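In what follows, a single structure is set out as structure tokens and then discussed.
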Amino acid sequence: GAVVSQHPSRVICKSGTSVKIECRSLDFQATTMFWYRQFPKQSLMLMATSNEGSKATYEQGVEKDKFLINHASLTLSTLTVTSAHPEDSSFYICSAGPGLANNEQFFGPGTRLTVL
Amino acid sequence: DAKTTQPTSMDCAEGRAANLPCNHSTISGNEYVYWYRQIHSQGPQYIIHGLKNNETNEMASLIITEDRKSSTLILPHATLRDTAVYYCIVRGHNAGNMLTFGGGTRLMVKP
Chain A
758 GAVVSQHPSR
768 VICKSGTSVK
778 IECRSLDFQA
788 TTMFWYRQFP
798 KQSLMLMATS
808 NEGSKATYEQ
818 GVEKDKFLIN
828 HASLTLSTLT
838 VTSAHPEDSS
848 FYICSAGPGL
858 ANNEQFFGPG
868 TRLTVL
Chain B
725 DAKTTQPTSM
735 DCAEGRAANL
745 PCNHSTISGN
755 EYVYWYRQIH
765 SQGPQYIIHG
775 LKNNETNEMA
785 SLIITEDRKS
795 STLILPHATL
805 RDTAVYYCIV
815 RGHNAGNMLT
825 FGGGTRLMVK
835 P
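Listed in order, the protein sequences are those of chains A and B. Counting with the working numbering, you get residues 758 to 873 for the letters of the first sequence. Counting with the working numbering, you get residues 725 to 835 for the letters of the second sequence.
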């Protein structure tokens, strides 16, 4: 299947700093990417939809000024957590589509963010 | 997306078939049934999807009832590496449609 990468895989930062997470589709072009957040023992929650060349669409309750999304090319979307706080500690996962033939979403391996 | 209902957890003996049920009684005519799984601390992995016909690939089989209100994912010979949370999701067949994850079924494959 298609490959989606994320970088970094884990990051630890101090409260108040900003953290950038990259999501790349390695062998296909992705017009749409999705960003999810997963707290311990919970399911994935969609944060925002990232569309190449246009503004991201955020889910209700997700602060767009805190979680900055940039989808500057068909293979790269970035999520920047600005002024991170301990409650932002979570597992952040991106997915990319369209897929090769069946329109399934391909997920990245996730980024574990820990804010001290 | 239509809501799905899955058992919270299931156990399966290694080497035996794992049958994971999913109810999606409010599915609409143009929505597909997708199955993903998530191994601990990894991103979800696509398994299979279908509309109304049964589907099979190298990973699993998907059996969808004739009225499309429920489906079953079958792992024919479960291994320890199949221990994961399995998510049943219904969505329109368009790459722009996001995936809405429910609680999923935590499958534990035991030796």
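Ideal Cβ positions, reconstructed from N, Cα and C, are used throughout, including at glycine. The model shown is predicted, which means the values in this text are computed figures rather than measured ones.
- For chain A, is any of its Cβ atoms less than 8 Å away from the one on B:H773? A Cβ of chain A is located within less than 8 Å of the beta carbon of B:H773.
- Helix, strand or coil at A:L801 [DSSP, three-state]: A:L801 falls in the coil class under three-state DSSP.
- Amino acids of chain B, ordered along the chain, whose beta-carbon sits closer than 8 Å to that of A:F863: What A:F863 touches in chain B: Y770.
- Task: List the residues of chain A whose Cβ lies closer than 8 Å to the Cβ of B:Y758, in chain order.
- Result: Think of a sphere of 8 Å around the beta carbon of B:Y758: the chain A residues whose beta carbon falls inside it are E861, in chain order.
- Could you tell me which chain A residues have their CB closer than 7 Å to the CB of B:Q766, listed as they occur along the chain? Residues of chain A passing the Cβ test: P866 and G867.
- Task: Using a threshold of 8 Å, state whether the C-beta atoms of B:S733 and B:R805 are closer than that.
- Result: No; because the gap between Cβ atoms is not below 8 Å, this pair is not in contact.
- Query: Grouping DSSP H, G and I as helix and E and B as strand, with all else coil, what is A:D822?
  - Reply: In this structure, DSSP gives A:D822 a state outside helix and strand, which the three-state scheme calls coil.
- Answer yes or no: do B:S749 and B:K793 have a C-beta to C-beta separation smaller than 8 Å? Result yes, Cβ atoms of B:S749 and B:K793 sit closer than 8 Å.
- When the Cα atoms are used, what is the spatial distance from A:L857 to B:Y758? Per-residue confidence for A:L857 stands at a pLDDT of 49, beneath the threshold of 50, marking its modelled position as unreliable; no derived number is given.
- Residues in the segment 765 to 795 of chain A having any Cβ partner in chain B nearer than 9 Å: Within the segment 765 to 795 of chain A, those residues whose Cβ lies closer than 9 Å to any Cβ of chain B are, in chain order, A787, T788, T789, F791, Y793 and Q795.
- Measure from the alpha carbon of A:Q786 to the alpha carbon of each residue in A:P866, A:P797, A:K777 and A:A853, then state which is nearest. Ranked by how close their Cα comes to the Cα of A:Q786, the residues A:P866, A:P797, A:K777 and A:A853 have A:A853 in first place.
- Could you give the DSSP three-state label for B:L775: helix, strand or coil? DSSP places B:L775 in coil when its eight states are reduced to three.
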